[in-house]
Amino acid sequence: MAPPRGGINHEGMHVTSQLLQHLQFRPLQPSTAHIRPSLSAQALGALEQRLEQALRKNQELIDVSCLDIAALVHKMYRMDQQLGQALRRKDLP
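Using the working numbering, the first residue of the sequence shown is number 349, and each one after it goes up by one.
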């Protein structure tokens, strides 16, 4: 017997419900041996490598800049000492 138009076939739903009770469902366990990284994971990995390289390069530049600043400060200190000595000699009779 066909369900009335726009109505629900309760008998069909009951049969489906009984069938579902007899079925056993197991979660699927994918084999990870054959899984390749997705494209987005590969892109993220490549981006991470580029960021790490850029970070190392920037760190090297910062280290060089710190050395340059230290050398400049040392040079200015020596010039200040030399200037102080020259002024003291000039003031001596």
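For each residue, glycine too, the CB sits at the ideal point set by N, CA and C.
Where residue i sits in the DSSP three-state scheme
i	result
S365	helix
S413	helix
S388	helix
L440	coil
Residue i versus residue j - alpha carbon distance
i	j	result
L420	Q401	28 Å
M424	D416	12 Å
D439	R426	20 Å
Q366	S386	40 Å
C414	E408	10 Å
E359	Q369	16 Å
A434	A418	24 Å
A389	R398	14 Å
Q430	L395	52 Å
R437	N406	46 Å
T364	P375	21 Å
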